[in-house]
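Colleague: Each residue of the sequence shown is one higher than the one before, counting from 0 in numbering that gives the first Met the number 0.
To start, I am sharing the structure in question, which I have written as structure tokens.
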Amino acid sequence: MSGAFLRLVDVTKRFDERFVIERVSLELREGQAMALLGPSGCGKTTLLRLIAGLETPDDGEIWIAAKKVAAKGRNTVAPRGRNIGFVFQDLALWPHLTVAGNLDFVLQSQRWERRTRRDRVDEVLRMVHMAPHADKYPSQLSGGEQQRVAIARALVARSQLLLLDEPLSNLDSDLKSALLEELSFLQRRLNLTTLYITHDKLEAATFADTVVKMKNGRIDESNLTLMQGVR
Numbered sequence: 000m001s002g003a004f005l006r007l008v009d010v011t012k013r014f015d016e017r018f019v020i021e022r023v024s025l026e027l028r029e030g031q032a033m034a035l036l037g038p039s040g041c042g043k044t045t046l047l048r049l050i051a052g053l054e055t056p057d058d059g060e061i062w063i064a065a066k067k068v069a070a071k072g073r074n075t076v077a078p079r080g081r082n083i084g085f086v087f088q089d090l091a092l093w094p095h096l097t098v099a100g101n102l103d104f105v106l107q108s109q110r111w112e113r114r115t116r117r118d119r120v121d122e123v124l125r126m127v128h129m130a131p132h133a134d135k136y137p138s139q140l141s142g143g144e145q146q147r148v149a150i151a152r153a154l155v156a157r158s159q160l161l162l163l164d165e166p167l168s169n170l171d172s173d174l175k176s177a178l179l180e181e182l183s184f185l186q187r188r189l190n191l192t193t194l195y196i197t198h199d200k201l202e203a204a205t206f207a208d209t210v211v212k213m214k215n216g217r218i219d220e221s222n223l224t225l226m227q228g229v230r
């Protein structure tokens, strides 16, 4: 049995008989940051959704922390049982909740005790430099501030696995560079196993230990490891 923290074995997904993901196999060790690089429409987001349990594979297996979480045609572990933090490309912050409320809702859904939730929310908001904005609503924040809240929400429940779907794509280059540096620092500090998808080669090289190229729903074997030890 592989010692990888995240393991995909010949994972396949079809929509309307069209292969979106075709026999993808990947392994990430605990604490590794891997970037999945490829153009729009190559299957990157679908792959993250499969790992998160938001889609089910038509074939293959997905393992997290030595536990099989999905197999052919079914999820064997529900999304909330996978201990995953997910930052969506559109962020998907809940507009009717404050910054603190967005984080607290995650902890409530995982049945954290009320007396510990506030301390944890405060801790994570300080970590991403958003504590002064705890009582604001997403619409009152800048784009960069919204990114920080989305990252905080993904971290608040002490997720073991972090999935990032082009989280900085809508930011200008200077802000993107600053947030990418902060995100990379957090990933290393918290030893998070992380899969980061992007179409930006420099972004991938800056953030990840390993960069893997994806094309037409498959791993490009000729580019399986483009860069290592970049950080």
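For every residue, glycine included, the Cβ atom is placed at its ideal position computed from N, Cα and C.
Quick check on the burial criterion: 16 or more other C-beta atoms within 10 angstroms. Buried or exposed for Arg117?
Modeller: Locating residue 117 in the sequence shown gives position 118, counting from the first residue. By the 10 Å Cβ count, Arg117 comes out exposed.
Colleague: Report the residue from His198, Lys175, Val98, Asp57 whose alpha carbon sits nearest the alpha carbon of Gly72.
Modeller: In the sequence shown, residue 72 corresponds to position 73, counting from 1. Among His198, Lys175, Val98, Asp57, the Cα nearest to that of Gly72 is on Asp57.
Colleague: Would you say the beta carbon of Gly40 is closer than 7 Å to some non-hydrogen atom of the ligand GTP?
Modeller: The ligand GTP is absent from the structure shown, which contains no ligands of any kind.
Colleague: Considering just the uninterrupted stretch of the alpha helix (DSSP H) at Asp219, what are its terminal residues?
Modeller: The sequence position of residue 219 within the sequence shown is 220, counting from 1. Where Asp219 is concerned, there is no enclosing alpha helix (DSSP H), given that its DSSP letter is neither H nor E.
Colleague: DSSP three-state label for Lys175, please.
Modeller: Taking the first residue of the sequence shown as 1, we reach residue 175 at position 176. Residue state, collapsed to three classes: helix.
Colleague: What does Lys66 pair with, by DSSP beta-bridge criteria?
Modeller: Position 67 of the sequence shown, counting from 1, holds the residue named residue 66. Note: Lys66 sits in a beta bridge opposite Ile63.
Colleague: Helix, strand or coil for Asp9, going by three-state DSSP, please let me know.
Modeller: Stepping through the sequence shown from its first residue, residue 9 is reached at position 10. In this structure, Asp9 counts as strand in the three-state DSSP scheme.
Colleague: May I ask you to report which of helix, strand or coil DSSP gives Leu49?
Modeller: Translated into positions along the sequence shown, residue 49 becomes position 50. It is helical.
Colleague: Counting beta carbon pairs with one atom in the region 195–209 and one in the region 8–20, are three or more of them shorter than 8 Å?
Modeller: The region 8–20 is not in contact with the region 195–209.
Colleague: Given a threshold of 16 other Cβ atoms within 10 Å of its Cβ, counted over all protein chains shown, does Pro166 qualify as buried or as exposed?
Modeller: Numbered from 1 along the sequence shown, position 167 holds the residue referred to as residue 166. The residue in question, Pro166, is buried, as its Cβ has 16 or more Cβ neighbours within 10 Å.
Colleague: Considering Ser108, what are the terminal residues of the alpha helix (DSSP H) in which it resides?
Modeller: Mapped onto the sequence shown, residue 108 falls at position 109. Its alpha helix (DSSP H) spans residues 98–108.
Colleague: Quick check: what's the CA-CA separation for Arg217 versus Ser138?
Modeller: Counting from 1 along the sequence shown, the entry for residue 217 is found at position 218. Counting from 1 along the sequence shown, the entry for residue 138 is found at position 139. Each residue's Cα considered, the two are about 38 Å apart.
Colleague: Excluding sequence positions up to five away, which residues of its chain have a Cβ less than 7 Å from the Cβ of Val286?
Modeller: This structure cannot settle anything about residue 286, because the visible part of the chain is limited to 0 through 230.
Colleague: Identify which residue in Arg152, Arg13, Gln31 has its Cα closest to the Cα of Leu49.
Modeller: In the sequence shown, counting from the first residue as 1, residue 49 sits at position 50. Measuring from the Cα of Leu49, the nearest candidate turns out to be Arg13.
Colleague: Compute the Euclidean distance between the alpha carbons of Asp173 and Thr75, then round it to the nearest angstrom.
Modeller: As a first step, residue 173 is located in the sequence shown; it is residue number 174 there, counting from the start. As a first step, residue 75 is located in the sequence shown; it is residue number 76 there, counting from the start. Each residue's alpha carbon lies about 42 Å from the other.
Colleague: If you check the beta carbons only, do Val105 and Arg152 fall under 8 Å apart?
Modeller: By one-based count along the sequence shown, residue 105 stands at place 106. By one-based count along the sequence shown, residue 152 stands at place 153. Yes, the Cβ-Cβ distance between Val105 and Arg152 is below 8 Å.
Colleague: Ends of the alpha helix (DSSP H) at Phe87?
Modeller: Within the sequence shown, numbered from 1, the residue matching residue 87 stands at position 88. Here Phe87 belongs to no alpha helix (DSSP H), and DSSP marks it neither H nor E.
Colleague: If you count every other CB in all the chains shown that lies within 10 Å of the CB of Asp171, and 16 or more means buried, which is it?
Modeller: Numbered from its first residue, the sequence shown carries residue 171 at position 172. Answer is exposed; the Cβ neighbour count stays below 16.
Colleague: Tell me Glu26's beta-bridge partners as DSSP assigns them.
Modeller: Mapped onto the sequence shown, residue 26 falls at position 27. For Glu26, which the question treats as bridged, DSSP gives the partners Arg6.
Colleague: Glu26 and Ala3: beta carbons closer than 8 Å?
Modeller: As a first step, residue 26 is located in the sequence shown; it is residue number 27 there, counting from the start. As a first step, residue 3 is located in the sequence shown; it is residue number 4 there, counting from the start. Result yes, Cβ atoms of Glu26 and Ala3 sit closer than 8 Å.
Colleague: Note down the Cα distance separating Trp246 from Asn190, rounded to an integer number of angstroms.
Modeller: This structure does not reach residue 246, given that the chain is present from 0 up to 230, and the question cannot be answered.
Colleague: Taking only the alpha-carbon atoms, compute the straight-line gap between Leu47 and Lys67 and give it to the nearest angstrom.
Modeller: Stepping through the sequence shown from its first residue, residue 47 is reached at position 48. Stepping through the sequence shown from its first residue, residue 67 is reached at position 68. Each residue's alpha carbon lies about 16 Å from the other.
Colleague: What would DSSP say about Arg81, mapped onto helix, strand or coil?
Modeller: Looking up residue 81 in the sequence shown gives position 82. Arg81: coil per DSSP, three-state reduction.
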